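Following my numbering, the numbering of the sequence shown begins with 1 at its first residue and continues without gaps.
Presented below is the structure to which this report refers.
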Amino acid sequence: MNPPAMSKFYITTPIYYVNASPHIGHAYTSIIGDCLARYKRLAGEDVFYLTGTDEHGEKIKQAASSLNEDVEVFVDRVKENFKDLWKQLNISYDYFIRTTDPAHKKSVQDVIRILYDKGDIYKSKYQGFYCLPCETFWTGTQVKDSQGKCALCGRDVEEIEEENYFFRLSKYEQWLKDYLKKNPDFIQPKIRYNEVKGFLDNNTLSDLCISRPKTRVSWGIEFPLDKDYVVYVWFDALLNYISAVGFGVEKEKFNKWWPADIHFIGKDILRHHAIFWPIMLRALEVNLPRIIFAHGWWKIGQEKMSKSKGNIVNPLELIKDIPVDALRYFLLREIPLGSDGDFSRPAIVNRMNSDLANDLGNLVHRVLNMAEKYFQGDIDCDVEKIPVAFLDAFLSLRDNYPPFMDKMDFCAALDKIFSFIKTMNKYIEDTKPWTLWKENKIQEIKEFLYVLLEGIRISAVYLYPFMPQTAEEIYKRLGLSGTVSNLKDCQWAVRKTYSVTKETPLFPRIEDTAK
Ligand code: MSP
């Protein structure tokens with residue numbers, strides 16, 4: 001009989017602007033996506049994890065000009081910074097899309113033609129205010145409400161009057177309201193769902209201006225109906241999610257992957273994803289993604305970390321002495337997905353010393369040390385029964401981990417893993433193996449170490465989505481061949497023999513908190 005077909009899981013991150021180098025905020029979205037992608041692969045699903053770069057728009061052109069660099073050379077260079085960082089952070093993406101890719105450009109132009117032919121795009125005069133950094137239009141009232149400044153970034157706006165192309169958002173307003181009512185899990189967490197619903201209840205949607213005259217914005221995808229214009233960057237960027245899987249070109253591929261199972265985004269880009277994007281798809285008569293999940297912000301003090309505030313933390317600097325897995329662990333453990341968090345080096349060091357060096361690192365070191373000392377590293381045993389001392393913690397982890405991971409409650413999943421780890425540490429203290437050794441209870445110590453090795457092996461599988469390098473390192477030290485690859489390996493006593501090596505502690509304790 002053929003094995004059952006794998007179910008597919010399509011995950012996306014936002015595509016990152018290349019006007020600056022990546023920072024911790026960007027790394028956060030990608031690490032979240034990576035954690036889920038690795039978990040889904042462990043669970044046997046066929047995963048497509050998409051990320052990439054958003055390369056058009058005036059602010060990118062300006063960033064290039066400020067360096068006296070040709071814009072094409074500039075975007076080519078800066079996108080490498082993202083790729084390099086993802087490599088260092090072990091982001092296991094399957095495809096990296098760039099909005100300057102010819103295939104993406106073609107998709108965008110095709111979409112505009114389709115929507116124009118349908119009557120959902122029209123040309124009209126626009127009069128109002130414009131924020132260049134945000135590439136966003138504001139009406140007179142909106143600008144007045146935000147003291148004459150851009151309502152998003154607070155910077156000066158420019159008054160403009162020009163002809164442009166518009167997409168009929170308003171036509172689909174009621175449809176979107178109904179859709180949200182029928183699909184309360186479409187936008188997560190709940191607070192963001194309520195935010196979008198509230199916005200729609202209290203505002204009337206205006207049609208979206210989706211072109212920019214080349215006289216003002218020259219760096220973009222040419223508008224297919226009118227060569228004097230380029231496509232608005234957000235309209236261009238959102239379409240990456242379907243162009244990457246072959247929209248309009250590779251039917252089989254598209255049908256396999258679309259709809260996306262989850263779009264991870266930051267809460268600052270919720271409206272684009274929860275209002276523009278569903279309506280664009282509806283107008284194209286394409287299914288909607290299953291979930292849009294908006295995470296919170298990392299702040300420094302009270303401020304969002306961002307290039308414009310000048311308070312960004314460069315992940316490459318940080319990982320010079322903080323292990324990559326400690327950074328991944330911190331970002332996923334410190335705050336539940338959806339909440340804001342305070343980012344600081346002392347907070348990471350604290351987490352690393354307490355959870356990773358003390359709890360996990362100590363457990364692994366102590367057990368492997370004893371295995372080497374008492375049995376030259378070789379333990380073979382067959383204890384089917386899980387010791388009572390950590391049975392509850394193990395069962396609670398085994399039963400709760402998949403549902404927590406499936407609903408992206410990464411904090412809660414980690415909490416279960418570390419409760420299990422702590423229980424194993426307590427088991428060592430309570431059993432006092434050194435006295436057993438003195439009493440020559442060799443078989444007892446062997447069984448004692450065997451169950452701990454099983455516990456450590458299983459913890460490594462559960463930890464893998466969060467800390468892939470550490471999980472693989474634990475596997476190696478346990479003498480296991482192959483890589484961490486399947487959640488089914490979390491069954492108890494599937495391994496009977498171990499041949500372990502102790503090596504140095506998994507995580508160094510860092511004493512200096514200020515740097
Ligand atoms: N290019 C658009 C996205 C287009 S998607 C079709 C964009 N790019 S961005 O580079 O500015 O931001 C990308 C992601 O990084 C967003 O999800 C944003 O929320 C996230 N972060 C940027 N700063 C952040 C923090 N300080 N904290 C957490 N995430 C933040 O927007």
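Cβ atoms here follow ideal geometry from the backbone N, Cα and C, with glycine treated the same way.
Since the model is a prediction, treat every value here as computed from it, not as a measurement.
- Taking the C-beta atoms as reference points, Leu225 is found no nearer than 8 Å to Phe166.
- The beta carbon of Val143 lies closer than 7 Å to those of Phe129 and Val157 in the same chain, with the five residues before and after it left out.
- According to the DSSP assignment, Gln127 belongs to no alpha helix (DSSP H) but to the beta strand (DSSP E) extending over Ile121 to Cys131.
- The ligand MSP has no heavy atom closer than 7 Å to the beta-carbon of Trp86.
- With contacts defined by Cβ atoms closer than 8 Å, His263 and Thr29 do not form a contacting pair.
- Within the stretch 400 to 464, complete alpha helix (DSSP H) segments of at least 4 residues are found at 410 to 431, 433 to 438 and 442 to 463, given in chain order.
- Here the alpha carbons of Cys35 and Ile445 stand approximately 36 Å from one another.
- Pairwise C-beta distances place the stretch 379 to 386 out of contact with the stretch 300 to 308, as fewer than three of them are shorter than 8 Å.
- Counting other Cβ atoms within 10 Å of its Cβ, Gly266 reaches 16 or more and is therefore classed as buried.
- The residue from Lys438, Met370, Lys61 and Leu391 with its alpha-carbon nearest to that of Val500 is Met370.
- Inclusion of Val249 and Ala103 in the CB contact set at 8 Å is warranted, their separation being smaller than that value.
- For Trp257, the shortest C-beta to heavy atom distance toward the ligand MSP is 7 Å or greater.
- In this structure the stretch 458 to 473 lies against the stretch 328 to 340, because at least three pairs of beta carbons, one per stretch, are closer than 8 Å.
- In chain order, Lys40, Glu45, Val47 and Asp261 place their CB closer than 6 Å to the CB of Phe9, counting only its own chain and leaving out the 5 sequence neighbours on each side.
- For Phe96, the enclosing beta strand (DSSP E) begins and ends at Tyr95 to Arg98.
- Bridge partners of Gly52 according to DSSP: Ile97.
- Using a 10 angstroms sphere on the CB of Asp378, the tally of other CB atoms stays under 16, which defines it as exposed.
- Taking the CA atoms as reference points, Ile275 sits about 15 Å from Val286.
- Separation of the CB atoms of Pro508 and Ala283 is rounded to 55 Å, and the pair is thereby denied contact status at 8 Å.
- The beta strand (DSSP E) runs of length 3 or more contained entirely in the stretch 108 to 195 are, from start to end of the chain, 121 to 131, 136 to 138 and 158 to 167.
- Checking the DSSP bridge columns, you'll see His295 partnered with Gly266.
- Look at Val364 here: in three-state DSSP terms it is helix.
- At a Cβ-Cβ threshold of 8 Å, Tyr95 and Ala244 count as neighbours.
- The distance from the Cβ of Leu205 to that of Ser170 is about 5 Å, consistent with a contact at the 8 Å cut-off.
- Remark: the C-beta of Pro315 is outside contact range of the ligand MSP, defined as less than 7 Å to any heavy atom.
- At least one heavy atom of the ligand MSP sits closer than 7 Å to the Cβ of Met305.
- For the pair of segments examined, the stretch 189 to 196 was found not to touch the stretch 70 to 81: the number of CB pairs separated by less than 8 Å stays below three.
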